[in-house]
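**Q** In case it helps, the working numbering puts the sequence shown at residues 84 to 327.
Note that the Cβ used here is the ideal one computed from N, Cα and C, for glycine as well.
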Amino acid sequence: MALRNPVFNNRAFSEERDYDQRESMTIAGAAGKALVLTVLLILSAAYTWYLFNKGEDIRTYMIVGMIGSLVIALPTTFFPKIAPVTAPLYVIVNGLALGGLSAMVETVYPGIALNAVLITVGILFFMLLLYATRIVRVTPGLAMGIMLCTLAIAFVYLINFVLSFFGMSVPYIHDTGWIGIGISIFVVIVATANLLLDFRTIEESAQAGMPKYMEWYGAFGLMVTVIWMYVEILRLLSKLASRD
84 MALRNPVFNN
94 RAFSEERDYD
104 QRESMTIAGA
114 AGKALVLTVL
124 LILSAAYTWY
134 LFNKGEDIRT
144 YMIVGMIGSL
154 VIALPTTFFP
164 KIAPVTAPLY
174 VIVNGLALGG
184 LSAMVETVYP
194 GIALNAVLIT
204 VGILFFMLLL
214 YATRIVRVTP
224 GLAMGIMLCT
234 LAIAFVYLIN
244 FVLSFFGMSV
254 PYIHDTGWIG
264 IGISIFVVIV
274 ATANLLLDFR
284 TIEESAQAGM
294 PKYMEWYGAF
304 GLMVTVIWMY
314 VEILRLLSKL
324 ASRD
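Below, the structure written as structure tokens:
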């Protein structure tokens, strides 16, 4: 079985091979759904950005965004049929948190949010080009390496989250020194590499003739990676800016 981005549940994809539908998933369809989700994400983020710059308290929006995105993402990962509903909800609530986060960082480092967006978009299309032209091929070894690194990062972040309740954190993870910057660069590279797994999963799923609603599921997984990549790039740029 092909190795995928952990967001794309292997069991969920394999089970969807048995269906009775007239329409099948296409790559173009998944791309269209990803575009719709991107627009919703931007609109949602723009809303909390606007509220923050008006001087309003956006903490509630950010809390709802962070908790809501997690609550929505978990069932979507395991139940693809709900993706047409939950994928748009996921990017909307996530956008609330992203908009607020970006606006707050922007007040400290003007221009950083736009730079993070441009870098994220640039990386996305560059990786798509590398994948489409087969300059980079997703071998089983590469896929396994990406997955192991992703799971390791998730484990460290989980530990850091638990430690935060006790006023502690994983050493160097938030440090603005070269070790902290190196950690951020590594995480950005891993997040970027996950795009390759997303592209391959969408392509192979379309070739397998999976049902139409799997386009939303594929787009959802891709957006999870893009959002993660943006946050990590924003974190990296913040660390670099703090050294000036």
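Pairing CB atoms from the region 126-134 with CB atoms from the region 260-267, are three or more of them under 8 Å?
**A** No, the region 126-134 is not in contact with the region 260-267.
**Q** Counting C-beta neighbours from all protein chains within 10 Å, is the total for Tyr313 16 or more, i.e. buried, or is it exposed?
**A** Flag for Tyr313 reads buried.
**Q** Buried or exposed: which applies to Met84, given that a residue is buried once 16 or more other Cβ atoms fall within 10 Å of its Cβ?
**A** Confidence at Met84 is low in this model, with a pLDDT of 42, below 50, so the placement of that residue should be treated as unreliable; the coordinate-derived value is given next. Label assigned to Met84: exposed.
**Q** Any contact between the region 138-152 and the region 171-181? By contact I mean 3 or more CB pairs, one from each, below 8 Å.
**A** Flag = yes, the region 138-152 and the region 171-181 touch.
**Q** Based on Cα-Cα distance, which residue from Arg318, Arg326, Val307, Ser321 lies nearest to Thr160?
**A** Looking at the Cα atoms, Val307 is the closest of the given residues.
**Q** Can you look up Ser391 in the DSSP assignment and give me helix, strand or coil?
**A** The question about residue 391 has no answer, for the chain in this structure spans 84 to 327.
**Q** The alpha helix (DSSP H) spanning Glu189 covers which residue range?
**A** Run containing Glu189: 166-191, per the alpha helix (DSSP H) assignment.
**Q** Give me, in chain order, the residues of the same chain whose beta-carbon lies closer than 8 Å to that of Leu241; leave out the 5 immediate sequence neighbours on both sides.
**A** Excluding positions up to five away in sequence, the list is empty.
**Q** Using alpha carbons as the reference points, say which of Tyr214, Asp140, Thr284, Arg217 lies closest to Gly183.
**A** Nearest C-alpha to Gly183: Asp140.
**Q** Which runs of the alpha helix (DSSP H) at least 4 residues long sit entirely within the region 263-291? Give them in chain order.
**A** Runs of the alpha helix (DSSP H) inside the region 263-291: none found.
**Q** With a CB to CB cut of under 8 Å and the five nearest residues on each side skipped, what residues in its chain are close to Val188?
**A** Hits under 8 Å: Ile195, Ala196, Leu317, Ser321.
**Q** State the Cα-Cα distance for the pair Phe162 and Leu319, rounded to the nearest angstrom.
**A** Near 34 Å, if we compare the C-alpha coordinates of Leu319 and Phe162.
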